């Protein structure tokens, strides 16, 4: 099979292909917006070459999420098996091109800053610095917040039940804590109480 996507432009072309595929889905279908949010985050991560190791691991996690949701879309008949198979193959190929030298355990181990700041100029310290500042947990947290913000830019206001389907592998309690933190930070505002609460951008 010929290489469908040029290597240099592969993230953008993968994203464009998924946008085209999801363009046939109804606007009320949550999977349409979930996939588009994931690929938007994926392109944003791959554009930057800073914090390369963390960016690579986060991009890999996003690709795996995209692959999972594409499979769901295929299984429920929202996209064709042919389109799914093509995207699965190309996404798997791209994972193989990502610099991903660290194990999952390495990413979850976030070191404390060393007392000698001068050592940050040494190669090993520069390599580790992004991991201390942007541990795997922080990347996931920022990812959830980006999804919420992007969704509210489009919907203006929403309830937790509207946001939950967009954030995979995440309980409503976790989403509630995320929303509360964003309210305290002045990013969101809350209207109503308990199950009737609605959220919008501040």
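In the working numbering, the protein residues as written are 19 to 220.
Just so you know, even glycine gets a beta-carbon here, dropped at the ideal spot from N, CA and C.
Remember, it's a predicted structure, so these values are computed and weren't measured experimentally.
### Query
In whole angstroms, what is the alpha-carbon distance linking residue 205 and residue 173?
Here residue 205 is taken as the residue at index 187 of the chain shown, counted from 1. Here residue 173 is taken as the residue at index 155 of the chain shown, counted from 1. Taking the straight line from one Cα to the other gives about 15 angstroms.
### Task
Please go through the same chain and pick out, in chain order, the residues whose beta-carbon is closer than 6 angstroms to the beta-carbon of residue 56, but skip the five residues on each side of it.
The residue given as residue 56 occupies position 38 in the chain shown. Hits under 6 angstroms: 80, 83 and 84.
### Query
Sorted by chain position, which residues of the same chain lie with C-beta nearer than 6 angstroms to residue 215's C-beta, five sequence neighbours on each side aside?
To locate residue 215, count along the chain shown from 1; it is residue 197. Closer than 6 angstroms at the Cβ level, and outside the excluded window around residue 215, lie 208.
### Coarse secondary structure for residue 38, derived from DSSP in three states
Translated into the one-based positions of the chain shown, residue 38 becomes position 20. Three-state result, residue 38: helix.
### Task
Look up residue 206 in the DSSP assignment and give the residues it is bridged to.
Looking up residue 206 in the chain shown gives position 188. Looking at the DSSP assignment, residue 206 forms a beta bridge with 219.
### Endpoints, the alpha helix (DSSP H) within which residue 114 is located
Counting from one through the chain shown, the residue named residue 114 turns up at place 96. Element bounds for residue 114: 99-115.
### Message
Quick check: the Cα distance between residue 101 and residue 30, rounded to an integer number of angstroms?
### Response
As a first step, residue 101 must be located in the chain shown, where it is residue number 83. As a first step, residue 30 must be located in the chain shown, where it is residue number 12. Rounded to the nearest angstrom, the two C-alpha atoms are 17 angstroms apart.
### Backbone secondary structure at residue 211 - three-state DSSP
For the purposes of this step, residue 211 is taken as the residue at position 193 of the chain shown. Residue state, collapsed to three classes: coil.
#### Entry: Bridge partner(s) assigned by DSSP for residue 175
By one-based count along the chain shown, residue 175 stands at place 157. In DSSP, residue 175 forms a bridge with 218.
### Cβ distance (whole Å) where residue 181 is taken to contact residue 201 below 8 angstroms
Taking the first residue of the chain shown as 1, we reach residue 181 at position 163. Taking the first residue of the chain shown as 1, we reach residue 201 at position 183. Between residue 201 and residue 181 the Cβ distance is about 14 angstroms, and since that is not below 8 angstroms, they are no contact.
### Status (buried if at least 16 other CB within 10 Å, exposed otherwise) for residue 212
Here residue 212 is taken as the residue at index 194 of the chain shown, counted from 1. Exposed, because fewer than 16 other Cβ atoms sit within 10 Å of the Cβ of residue 212.
### Query
Could you give the C-beta distance for residue 184 and residue 218, rounded to a whole number, given that I count them as a contact under 8 angstroms?
Start at 1 with the first residue of the chain shown, and residue 184 comes out as number 166. Start at 1 with the first residue of the chain shown, and residue 218 comes out as number 200. At roughly 16 angstroms, the Cβ-Cβ gap does not stay under 8 angstroms, so residue 184 and residue 218 are not in contact.
### Query
What is the DSSP secondary structure of residue 30, counted as helix, strand or coil?
The residue labelled residue 30 in the question sits at position 12 within the chain shown. In the structure shown, residue 30 sits in a helix (DSSP, three-state: H, G or I).
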